[in-house]
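*Asks:* I have a structure here, written as structure tokens, and I will follow up with some questions on it.
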Amino acid sequence: CSLQAGLAVLLKAERLFHSSYHSQAVHIRPICRVSTRLISLLEHPKRKSEATLSHCRVTHQLAQLCCEPLVSLIQDASCVAVSWELRQTLTVVFDVFSSGQGKKDWSLFKMFSRTLTDACPLASQSKVYVDISPKNKEKELLEVTPAPTSVHEAVVQGDKKTYAVYDLLSPSIFNMSRSLNVQLKWKRPQDSSEMPIPVLHAQRYVGGYGLQTGEICTLIYNTHPYRAFPVILLETVPWYLRLYVHTLTIITKGKENKPS
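Residue 316 in the numbering used here sits at position 200 of the sequence shown, with consecutive numbering throughout.
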């Protein structure tokens, strides 16, 4: 569909590279399509129901939902036919709060200078998720327009999240208007201009100077009262900066952890 229809319409280069942060990634992994374990289940009539079980998982990247058959999770010697899954992701961060002169209102047109006009005919799913989770008593202050096609709730990092879902394949989306411009507005000014801090967040800064004393410090904060989270840290370093792995230092709660 390229730039003619679907979510790809929003990928305007001038706006993406003008954002505060953007990252592109390609994920490739093997998935078992046919397994001897599945064949053995199908040979027993009593176990046919077991083969139809599915495992659903929720990913927080743009709150995408997907379901995978149980056999796809079997990646061992019992697999007789393997397929490859290709997943492309694009992460963009817009600082609308600073560019909007302290206003938290935003819309698709303000961020991308474009709106959604149609779903891609080749897409089996085409959805937009908007995080409308209440923060304390702020639920009545948020106003999302137009009305979403559905509302989804999920638990992410121990917190309950609420998402407004816009299904581009639903006929009701483009019945009232030729384009979809999702907008989020605040009904009244906020008492505090500070944005809420996520439970798990990171901060990075550069210290020292030159190749001898220069250093990159990354601080990862977990403000959850009792839960620990697995973290995968991906550092983006300029090509002209030379790093020495033997100088890596990891400090947790004031104690140094030597990497294995």
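We put the CB at the ideal spot given by N, CA and C, even for glycine.
With a threshold of 7 angstroms on Cβ separation, who are the neighbours of Q191 within its own chain once the five nearest residues in sequence on each side are excluded?
*Replies:* Note that Q191 scores a pLDDT of 47, beneath 50, so its modelled location is shaky and nothing firm can be said.
*Asks:* By DSSP, does E130 sit in helix, in strand, or in coil?
*Replies:* Here E130 sits in helix by DSSP.
*Asks:* Hey, how far is the Cα of P346 from the Cα of N338?
*Replies:* In a straight line, the C-alpha of P346 is about 11 angstroms away from that of N338.
*Asks:* How would you call A129, buried or exposed, if buried means at least 16 neighbouring beta carbons within 10 angstroms?
*Replies:* Burial call: exposed.
*Asks:* CB-CB under 8 angstroms to N373, same chain, minus the five flanking residues each way: which ones, in chain order?
*Replies:* Here the set comprises I366 and I367.
*Asks:* R358 and L316: beta carbons closer than 8 angstroms?
*Replies:* Cβ atoms of R358 and L316: not closer than 8 angstroms.
*Asks:* For the stretch 219-236 against the stretch 264-280, are there 3 or more C-beta pairs whose distance is under 8 angstroms?
*Replies:* The stretch 219-236, when compared against the stretch 264-280, does not touch it at the 8 angstroms Cβ threshold.
*Asks:* Helix, strand or coil for T207 per DSSP?
*Replies:* Residue state, collapsed to three classes: strand.
*Asks:* Counting along the chain, where does the beta strand (DSSP E) carrying K220 start and finish?
*Replies:* That residue, K220, is in no beta strand (DSSP E); it is neither H nor E in DSSP.
*Asks:* Excluding the 5 residues flanking K301 on each side, which residues of the same chain have their C-beta closer than 7 angstroms to its C-beta?
*Replies:* Contacts found: D221 and E259.
*Asks:* What residue range is occupied by the uninterrupted beta strand (DSSP E) comprising T329?
*Replies:* Where T329 is concerned, there is no enclosing beta strand (DSSP E), although the alpha helix (DSSP H) it sits in stretches over G326 to T329.
*Asks:* In this structure, how does DSSP classify T339 when only helix, strand and coil are distinguished?
*Replies:* Looking at T339 - three-state DSSP - the assignment turns out to be coil, as it is neither helix nor strand.
*Asks:* Suppose you measure from the CA of A318 to the CA of I336; what does that come to, to the nearest Å?
*Replies:* Distance between the alpha carbons of A318 and I336: 4 angstroms.
*Asks:* Taking the beta strand (DSSP E) that Q319 belongs to, which residues open and close that run?
*Replies:* Q319 -> beta strand (DSSP E) spans L316 to G323.
*Asks:* Hey, out of M227, R203 and N297, whose CA is closest to Y137's CA?
*Replies:* With distances taken between Cα atoms, Y137 lies closest to M227.
*Asks:* In three-state terms, what does DSSP make of L350?
*Replies:* Coil, per DSSP.
*Asks:* May I have the straight-line CA-CA distance separating L206 from P250, to the nearest angstrom?
*Replies:* Cα to Cα, the separation comes out at about 26 angstroms.
*Asks:* Identify whether T368 lies in helix, strand or coil by the three-state DSSP scheme.
*Replies:* It is a strand residue.
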